[in-house]
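Heads up: the structure comes next, in structure tokens.
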Amino acid sequence: MSASIIQPVRGMNDVLPTEIGRWQFLERVVRELLHAYGYDEMRVPVVEQTDLFKRAIGEYTDVVEKEMYSFEDKGGERLTLRPEATAGIVRATISNGMLRGARHKLWCVGPMFRHEKPQKGRFRQFHQVDVEAIGFAGPDIDAELIALTAQLWRRLGISRVALQINSLGTAEARRAYRAQLTDYFRAHHAALDEDSQRRLEGNPLRILDSKNPAMQSIIAHAPSLPDHLDAESREHFAALRAALDALGIAYQVNPRLVRGLDYYSRTVFEWVTDALGAQDAVCSGGRYDGLIAQLGGEPTPAIGFAMGVERVVALLEQTGTAPATVGADVYVVAQGDAAVRAALVLADRVREAEPARRVELNLGGGNFKAQFRRADRSGAAIALVLGEDELARGVVQLKSLRDESAAAIEISLATAGQAVANWFKERVR
RNA sequence: GUGGACGUAGCUCAGUGGUAGAGCCCCGGGUUGUGAUCCCGGCCGUCGUGGGUUCGAUCCCCAUCGUCCACCCCA
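Counting the first sequence from 1 gives a position; the numbering used here is that position plus 1296.
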């Protein structure tokens, strides 16, 4: 099978009709919610210059070092399939002259690409809903953004998620802390495990997050991040906590919550779940006050987050709140060439009379038994039966597929659309 | 990138060193036009791929690809 063109590319998944209902439900809820909070959708390219991601995310992060889909195009440009959305959105606001002191609340959804080893809840092409609030400095937007995510879970019917928050301080405070931390771990270099020795050079803050039990006592005695916050960040964080308390949003302060991307500063947060195995982060983000200036825009504070669509869809599948598929409403059964022709017209009339309903016409023939089996499995509420006999008499039989006791009703072929509309009106809502 | 488990019909799985089965699905039938129950019949597989051992392998060995799980990292 290795040479087969039928083999999908590793880590790239098909979303089949059997699961698309959950995606559409999620997208609809997200769209409505973000509208309600004053966010505007925008769309940016999937491909950007490689250097944009290097500058934004950080040269020595795992994402940039080993996970990017980078290539040279025919013009010799070095390009990359976006591994995350913030860099592209920020680039777009600068490119389009949107800053100049202005403020923007933006969101987008789309595929991201990271060359990782696939496992449950982790794919090489995956989708994120990305939300960015640009030009807002205060903790109020932090709180509202988090409230938005909490509201999202409520509307989606998802409860197995918990909020963790932390503050990384300003870039300067973080740099100073990082230096101290590096010194401390260097002094205990021999006691560090292999992963942590590697992290020491790249992102020493991540050592704090190690799951290795043997590392816990060294970690416990390390200089702690909260003790090294600058006064302003401390106030900012306190204000955020007060706001979350006022909103009644439960959270846990996790001093070990650091983020894998370099651009974060001050507020960071992450929604985790215990329902998805090792891939427990479903939504996370934070403040990136320095990024825009770093990329060449006017210094502008900002905060944003990304939500993993596949992971949230998996949660929806577990809770069973969203419909996986939408079935038909009406199924038209027809047999005989003339009757099938008449049924094509009939189906269109019904669709005209009931534009929102799904009217499925039996195609490809089949005897009545087979057609009724298909009608049943389509999920339709009613079947419209049009055979040669009915056609000759100018009628159609309307049969309820969900109510055994109801006998088939004979309706006029000429006014069948209206009759179907009336049938639904009498029964629904 | 590291470690482990697994790859048999569209799906869920059984099976044996002598080239394969069940259930579901799909199609047809159970007196000539009415589904979801029941009964009967039919269709479907180069037993992931390539080598090796053997008279002979789906079953043994090796490799490879893929899937899943964990680590790493992250949404």
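Ideal Cβ placement from N, Cα and C applies to all residues, glycine included.
Identity of the residue in the options nearest residue i by Cα
i, options, result
"R1410", "E1373, V1605, D1358, G1661", "D1358"
"A1383", "A1634, G1600, D1310", "G1600"
"R1552", "A1638, G1586, T1563", "T1563"
"G1713", "D1644, V1568, L1464", "D1644"
"Q1460", "H1524, A1577, N1508, A1710", "A1577"
"K1507", "E1490, D1523, L1521, E1497", "E1490"
"N1462", "F1533, V1605, K1401, W1319", "F1533"
"Q1575", "Q1693, Q1320, L1611", "L1611"
"R1329", "W1403, A1671, I1514", "The residue you asked about is not Arg; residue 1329 is Leu in the sequence shown. When each option's Cα is compared against that of L1329, the closest is W1403."
"I1316", "R1374, E1613, R1669", "E1613"
"V1427", "T1445, G1434, A1433", "T1445"
"A1443", "L1591, L1709, A1332", "A1332"
"G1616", "D1347, I1302, L1322, G1660", "L1322"
"R1723", "E1706, R1698, S1708", "R1698"
"G1434", "V1681, Q1320, Y1584, V1425", "Y1584"
"W1719", "D1625, L1557, A1710, Q1631", "D1625"
"P1335", "V1425, E1380, P1509", "Before going further, note that residue 1335 is Tyr rather than Pro in the sequence given. The residue with the shortest Cα to Cα distance from Y1335 is V1425."
"A1546", "R1474, H1423, E1706, A1439", "A1439"
Simplified DSSP assignment, three categories, for residue i
i, result
"G1632", "coil"
"A1618", "coil"
"H1423", "strand"
"D1541", "helix"
"P1341", "coil"
"T1478", "helix"
"S1701", "coil"
"E1380", "coil"
"K1370", "coil"
"D1685", "helix"
"I1461", "strand"
"Y1473", "helix"
"G1713", "helix"
"F1664", "helix"
"K1721", "helix"
"D1570", "coil"
"V1311", "coil"
"E1375", "Sequence check: residue 1375 is Leu here, not Glu. It is a strand residue."
"G1581", "strand"
"I1430", "strand"
"A1518", "coil"
"I1353", "helix"
"V1305", "coil"
"H1400", "strand"
"S1298", "Low confidence applies to S1298: its pLDDT is 37, below 50, so where it sits in the model is not reliable enough to give any reading."
Span separating the alpha-carbon of residue i from that of residue j
i, j, result
"Y1480", "A1518", "7 Å"
"S1298", "P1304", "With a pLDDT of 37 at S1298, under the threshold of 50, the modelled position of that residue is not reliable, and no figure is offered here."
"A1702", "R1451", "37 Å"
"D1436", "A1535", "8 Å"
"G1582", "L1540", "15 Å"
"L1501", "R1327", "35 Å"
"F1565", "G1544", "16 Å"
"Q1667", "N1658", "7 Å"
"A1717", "A1649", "6 Å"
"A1679", "V1628", "6 Å"
"A1704", "V1311", "38 Å"
"L1504", "A1516", "8 Å"
"V1605", "T1478", "36 Å"
"P1407", "V1568", "21 Å"
"R1471", "E1497", "13 Å"
"K1721", "V1608", "35 Å"
"A1487", "L1525", "27 Å"
"E1355", "L1591", "14 Å"
"E1700", "G1683", "22 Å"
"V1386", "G1393", "11 Å"
"E1686", "P1313", "35 Å"
"S1674", "G1573", "34 Å"
"E1706", "V1692", "6 Å"
"A1688", "S1696", "23 Å"
Beta-ladder partner(s) of residue i, from DSSP
i, result
"T1563", "S1463"
"P1407", "H1423"
"D1347", "Paired residue(s): none; D1347 is not in a bridge."
"R1418", "Q1415"
"E1706", "Q1693"
"A1602", "D1426, S1580"
Supposed close pair residue i, residue j - CB separation, criterion 8 Å
i, j, result
"Q1421", "G1307", "7 Å"
"A1469", "S1529", "6 Å"
"A1589", "P1595", "4 Å"
"Q1548", "A1458", "7 Å"
"I1353", "A1598", "So it is not a contact: roughly 15 Å between Cβ atoms."
"V1655", "R1647", "5 Å"
Residue i Cβ short of 7 Å to the ligand GTP heavy atom set
i, result
"G1683", "For the ligand GTP, the structure offers nothing, since it holds no ligand at all."
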